[in-house]
Every structure is written in structure tokens, then in C-alpha cells.
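Chemist: Numbers in our numbering are just positions in the sequence shown, counted from 1, shifted up by 13. Ideal Cβ placement from N, Cα and C applies to all residues, glycine included.
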Amino acid sequence: MRSDVLRSEKGGYNKTDVLTKIDALSALLMMAEEGVDSSKIMPELEKVRQRPISREKDGFFGTIGFSAEDTDNYIADLEGQIAAALASAR
14 MRSDVLRSEK GGYNKTDVLT KIDALSALLM MAEEGVDSSK IMPELEKVRQ RPISREKDGF
74 FGTIGFSAED TDNYIADLEG QIAAALASAR
């Protein structure tokens with residue numbers, strides 16, 4: 014992942030939660046590209062989608078996290094790549 018894809022912002026998404034979710038989605042993408050059966054990938058994808066991403070504290074003493082907009086777009090892009098890889102494997 015390029016470092017400029019996800020900007021940092023005060024009160025954004027918790028970086029650990031985001032990176033954990035992105036790592037899981039990336040692993041599923043690799044599985045899909047390698048031709049693993051979709052019946053094995055889809056349940057795992059649903060579990061990853063259900064993982065919550067917490068927000069950092071906002072305000073004057075807030076903590077820096079990843080931009081919510083950037084993160085949501087990046088995750089949607091990864092999910093789209095997984096769907097395309099599964100569709101091309103059929």
C-alpha cells in the first residue's frame with residue numbers, strides 16, 4: 014500500500030483497525046487471484062466486512078487516524094477487485 018493513499022486526520026479511523034481490515038482483504042484478493050473457490054472466499058469476506066473500524070478521539074486533544082473517506086474508498090476498491098477476480102475465475 015502506498016503511504017499517500019490514506020491521509021491522516023484528527024479523529025479519523027483507528028490505524029490498527031484499518032490496517033488489520035486491509036490486510037485481511039488483501040489476503041482474500043490474493044486467494045481469489047490464485048483461483049481459490051469462491052465458496053471459501055465469500056464467507057471470509059463477509060466476516061471481514063463485519064469487522065468494526067473504530068474512530069479515534071476527536072477534538073483539541075484528539076488522536077490522529079486515517080481519513081474515513083480515503084479508507085472507505087480504499088476498502089471499496091479492494092472489495093471490487095475481489096469481486097472482479099472471482100467473476101473472472103468463473
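(1) How far does the alpha helix (DSSP H) with residue 47 in it extend, from its first residue to its last?
(2) Okay, do the segment 92-100 and the segment 53-61 touch, 3+ Cβ pairs below 8 Å being the bar?
(3) How many whole angstroms separate the CB atoms of residue 78 and residue 62, which I take to be in contact at a CB cut-off of 8 Å?
(4) Helix or strand or just coil, what does DSSP make of residue 80?
(5) What first and last residue would you give for the beta strand (DSSP E) that runs through residue 23?
Modeler: Taking the definition as stated:
(1) Within the sequence shown, numbered from 1, the residue matching residue 47 stands at position 34. Where residue 47 is concerned, there is no enclosing alpha helix (DSSP H), given that its DSSP letter is neither H nor E.
(2) The answer is yes - the segment 53-61 touches the segment 92-100, with three or more Cβ pairs under 8 Å.
(3) Position 65 of the sequence shown, counted from the start, is the residue given in the question as residue 78. Position 49 of the sequence shown, counted from the start, is the residue given in the question as residue 62. No, residue 78 and residue 62 are not in contact; Cβ-Cβ is about 20 Å, not under 8 Å.
(4) What you label residue 80 is simply residue 67 of the sequence shown in a count that begins at 1. Correct three-state label for residue 80: coil.
(5) As a position in the sequence shown, residue 23 is number 10, starting the count at 1. That run of the beta strand (DSSP E) goes 21-23.
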